[in-house]
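A short worksheet on the structure shown next.
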Amino acid sequence: MLAIAFLIFSITGQLGRTESRAIANFVRESITTSPDPSPDAPNSPLTTPRVHPLPFSLVQLDSSPNDDSSAYFAEIKPTPLGYLVWSQFPVRIYLDQPPDNLSISEQERFANWTKAAEQSIQEWQQYLPLMIVPLPESVDIEIRRSFPPQRSTRNPTTGVMEIPRAAAAQTRYQFYLQTPERRLAHRFTIYLSPNQTPEYTLATARHELGHALGIWGHSPLETDVMYFSQVRTPPPISPRDINTLRRIYQQPTQLGWPVEGK
Ligand SMILES: [Zn+2]
Numbered sequence: 012m013l014a015i016a017f018l019i020f021s022i023t024g025q026l027g028r029t030e031s032r033a034i035a036n037f038v039r040e041s042i043t044t045s046p047d048p049s050p051d052a053p054n055s056p057l058t059t060p061r062v063h064p065l066p067f068s069l070v071q072l073d074s075s076p077n078d079d080s081s082a083y084f085a086e087i088k089p090t091p092l093g094y095l096v097w098s099q100f101p102v103r104i105y106l107d108q109p110p111d112n113l114s115i116s117e118q119e120r121f122a123n124w125t126k127a128a129e130q131s132i133q134e135w136q137q138y139l140p141l142m143i144v145p146l147p148e149s150v151d152i153e154i155r156r157s158f159p160p161q162r163s164t165r166n167p168t169t170g171v172m173e174i175p176r177a178a179a180a181q182t183r184y185q186f187y188l189q190t191p192e193r194r195l196a197h198r199f200t201i202y203l204s205p206n207q208t209p210e211y212t213l214a215t216a217r218h219e220l221g222h223a224l225g226i227w228g229h230s231p232l233e234t235d236v237m238y239f240s241q242v243r244t245p246p247p248i249s250p251r252d253i254n255t256l257r258r259i260y261q262q263p264t265q266l267g268w269p270v271e272g273k
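Numbering (the working numbering), first residue to last: 12 to 273.
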């Protein structure tokens, strides 16, 4: 029998106005779906990692030298199933919808949040086919208008449970088995704070969407969208961001391929 390990990882970015460093925070949950799992199954490949065809939108771009100055590929971490590459397009994105009972001013703030999130999608859409869908069922990326889930930790010295300072956003992914093809698949949830200015909501959405499109790491340069900290003047998507994205999409992954065996 096959044991599928469901792994949830997250990168928590503390994207404050000050120079606060992002924290890489890994949450791991293992759920066994099989009644008699073989003990080594989660560690052995579920399928052979293979490269998907490069999306046309990335083929079209001028190729640039694959050196460290044109990309930050070395900073990108593969997951246990390989790089977080999408292989079925368009990638389906659901945006949180406003509840019915909002006041006029709350409606306006919600609309500003939606506009910023939509703009970040439009910006990345030049490089990968994306589509906003009206219902949250079977989407690839869900963007929620909410604070990241707080995880309290026990202070080892005082024994007191402490709630970490609120972050502006969090992106996490989950693996699942797509039926009936039995393909290994992934799904992202982005928590995007309702409490930022439209400019910072856009900058944060742009950054978190970069993670969800496969850039699972941070750039060391503040001129890149995927820089680990929020900056005073948020940059647009840079050639280095795109070169890194393209290198990621040229890597082998188990995601998007059917599991082998029964
Ligand atoms: Zn980040």
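Every residue, glycine too, gets a C-beta built ideally from N, C-alpha and C.
Nothing here was measured: the structure is a model prediction, and the numbers come from that model.
Sequence-distant partners of R193 (beyond 5 residues in either direction) whose C-beta falls short of 7 Å from its own C-beta, in its chain, are P269, V270. For the pair E153 and P159, the CB atoms are not nearer than the 9 Å cut-off.
Less than 9 Å divides the Cβ of V150 from the Cβ of Y105. Taking every protein chain shown into account, the CB of I115 has fewer than 16 other CB atoms within 10 angstroms, so this residue is exposed. Contact check for T212 against N123 passes: the beta carbons are separated by less than 9 Å. An exposed status is given to S55, since fewer than 16 other beta-carbon atoms sit within 10 Å of its beta-carbon. If you check the CB distance, Y184 and T58 do not come in under 9 Å. With fewer than 16 other beta carbons inside 10 angstroms of its own, Y187 counts as exposed. Contact holds between the stretch 86–102 and the stretch 253–267, because three or more Cβ pairs, one in each stretch, are under 8 Å apart. For Y184, the enclosing beta strand (DSSP E) stretches over residues 180–189. Ligand 1 has a heavy atom closer than 8 Å to the beta-carbon of H218. Going by DSSP, A82 is part of no alpha helix (DSSP H) at all; its letter is neither H nor E.
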